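These notes are about the structure you will find just below.
Residue numbers (our numbering), protein chains in the order written: chain A, -10 to 325; chain B, 4 to 112.
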């Protein structure tokens, strides 16, 4: 069991900065995020985009902001559970929370800060009505064990690097048959990968089906054929063993919706006094919360984190007095 | 009517048509207009052409600037993409778009 003062769910900019503000009050933090790297949207959606409204930075790339935040919180030695999604939150009799991830990792703390942004990043699933029937029965969104595709008839969909790279990998010496279905005849992946896919298509190692998309799934218990809608040729039916739709990740609120918190329009309602939720000890900060006048800005999330840790301190140390000090007065940031 | 206001029609996913007024002098895009009218458009990425949650179909014959590479790349990750598919966040309101008719695409997340 990982024990800490504040469990922060979500390692985006707001969750990261919470570590700093908590650290100033000598509170320890542990961050959990479903992505394998810290930074949330800043790392996953737009690392190379400049942000112009971070105070003191006329312009900073989202990825740089994350790097800087990681440096800023380093003295406070935060713990990380990355690549795991929080599934369950349980309140014990002594008022501590036990937070369990999908991989079974358990964390305990008297305070939880949900800084979950837009939710967990999950694979984008094509909206085909019976797609759930075939998940793990012929459809994989993430390739964990390429060996299972040996000597199989595999179709991939998507136009980015993961679709291209896996098509090349599987076609080289693993699957018996590899098709790549893409909506247009140009690809956004790395130019080397694109060239290689075209070359392998010429050599009949990859069956390239462009201007097309998968629209139907057929099978009894497991997937055995797909329907492809081609712009000029109409419907094509293909017998296959596996379909791998690789359309990137998108965020969804996920299990957070089931934790007994007041949720409105995919956001958690909070009291602006300290960004507390309706569950004592659970706070929600950053893009995931909502209140009158809410703006989803990183800078607002920083403010919310700062006020939140003051109340967190009172929960963790009900008998201690808290004196507020400017970092400039402290002379230096004293870590743990 | 105010010369900086155009009328556009948004057809939602229940096939309901919403005729709404859109300002052309505030640098607003279609995604932002839809959100301002509480139409069911998420605009997850805030308008950076990086999430495709504002995918829509342009059903009128209006001339709109071609999609950028970024927009095309993002449409690669959307579903049921047609020749008239666009990301709402990349369609900026201007007087030439008066009478624009747009249908919201099925949600993909």
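The beta carbon of each residue, even a glycine, is placed where N, CA and C say it ideally should be. As the structure is a prediction and not an experimental result, all values here were calculated from the model.
- Identification of chain B residues near residue 35 of chain A by a Cβ-Cβ cut-off of 8 Å yields 48, 51 and 53, ordered along the chain.
- A direct Cα-to-Cα measurement between residue 198 of chain A and residue 94 of chain B gives close to 30 Å.
- When Cβ-Cβ separations below 8 Å define contact, residue 44 of chain B makes no contact with chain A.
- Residue 295 of chain A carries a helical assignment under DSSP once its states are collapsed to helix, strand and coil.
- Counted as a single uninterrupted DSSP element, the beta strand (DSSP E) harbouring residue 232 of chain A occupies residues 231 to 234.
- Using a CB distance below 9 Å, no part of the stretch 58 to 70 of chain B faces chain A.
- Contact between residue 58 of chain A and residue 2 of chain A holds, with the beta-carbon distance rounding to 6 Å and staying under 8 Å.
- About 4 Å separates the beta carbon of residue 4 of chain A from that of residue 104 of chain A, a gap short enough to meet the 8 Å contact definition.
- For the set A:210, A:276, A:303 and A:289, the Cα lying nearest the Cα of residue 106 of chain A is the one of A:276.
- DSSP links residue 97 of chain A through a beta bridge to A:-8 and A:87.
- Under the 8 Å Cβ criterion, the stretch 46 to 64 of chain B counts as touching the stretch 83 to 102 of chain B, having at least three qualifying pairs.
- Residue 229 of chain A places its beta carbon less than 8 Å from that of residue 143 of chain A.
- In chain order, 172 and 202 make up the part of chain A whose C-beta sits under 8 Å from the C-beta of residue 84 of chain B.
- Counting C-beta pairs closer than 8 Å gives three or more between the stretch 13 to 24 of chain B and the stretch 41 to 49 of chain B, which meets the contact rule.
- Boundaries of the alpha helix (DSSP H) around residue 187 of chain A: 180 to 191.
- With respect to the C-alpha of residue 97 of chain B, the residue from B:88, B:5, B:20 and B:25 having the closest C-alpha is B:25.
- For the pair residue 55 of chain A and residue 20 of chain A, the Cα-to-Cα distance works out to about 14 Å.
- At least 8 Å separates the CB of residue 50 of chain A from every CB of chain B.
- Taking every protein chain shown into account, the CB of residue 319 of chain A has fewer than 16 other CB atoms within 10 angstroms, so this residue is exposed.
- With the rule of 3 Cβ pairs closer than 8 Å, the stretch 207 to 217 of chain A counts as touching the stretch 119 to 138 of chain A.
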